[in-house]
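What follows is a single structure, written as structure tokens, with notes after it.
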Amino acid sequence: MIKKQHGDVLQLLETQRASNFTNFQEMTKEFQKTLRHDDFSITTDLCSSITWMETMMGSLLHLQKSKHRIQQLHFELAETLAELKELELREHHADS
């Protein structure tokens, strides 16, 4: 598949040199017509890798769940501290 694409690019460059097309856009449109959805492409950017994207999405989901759990713990802690302070104030007023 990669050899096919490489050959297509070489052929397009040769066609461009022969001046059959007036500009680069026409040449790329013709190349685009030869591509299929199941053709492979070489990618060097991490964010274009499906495996990387799936891993990143999994990591973000885990982070979101962890943040939610920590937030719930903070709410419980704040509520407990408020109740303790309220009990302390009631005892203080009862003693007075």
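Take the sequence shown: its position 42, counting from 1, is numbered 29 in this note's numbering, and each next residue is one higher. Here a beta-carbon is modelled for each residue, glycine too, at the ideal position from N, C-alpha and C.
Exercise. Alpha carbon to alpha carbon, how far is residue 56 from residue 16? Give it in angstroms, no decimals.
Key: What you label residue 16 is simply residue 29 of the sequence shown in a count that begins at 1. What you label residue 56 is simply residue 69 of the sequence shown in a count that begins at 1. Roughly 51 angstroms separates the two Cα atoms.
_With H, G and I counted as helix, E and B as strand and the rest as coil, what does DSSP make of residue -3?_
Here the question's residue -3 lines up with position 10 in the sequence shown. The DSSP-derived three-state label of residue -3 is helix.
* **Best match in 18, 10, 40 and 12 for proximity to residue -7 [C-alpha to C-alpha]** => One-based indexing of the sequence shown puts residue -7 at position 6. Comparing Cα-Cα distances from residue -7 to each of 18, 10, 40 and 12, the minimum goes to 18.
What is the residue span of the alpha helix (DSSP H) that residue 86 lies within? Residue 86 lies beyond the stretch modelled for the chain, which goes from -12 to 83, so this question has no answer here.
query = Taking Cβ positions, are residue -3 and residue 14 nearer each other than 7 angstroms?
reply = Numbered from its first residue, the sequence shown carries residue -3 at position 10. Numbered from its first residue, the sequence shown carries residue 14 at position 27. The answer is no: Cβ separation not under 7 angstroms.
*asked:* Given this structure, state the Cα-to-Cα distance separating residue 24 from residue 12, to the nearest angstrom.
replied: Along the sequence shown, one-based indexing puts residue 24 at 37. Along the sequence shown, one-based indexing puts residue 12 at 25. Roughly 21 angstroms between the two C-alpha positions.
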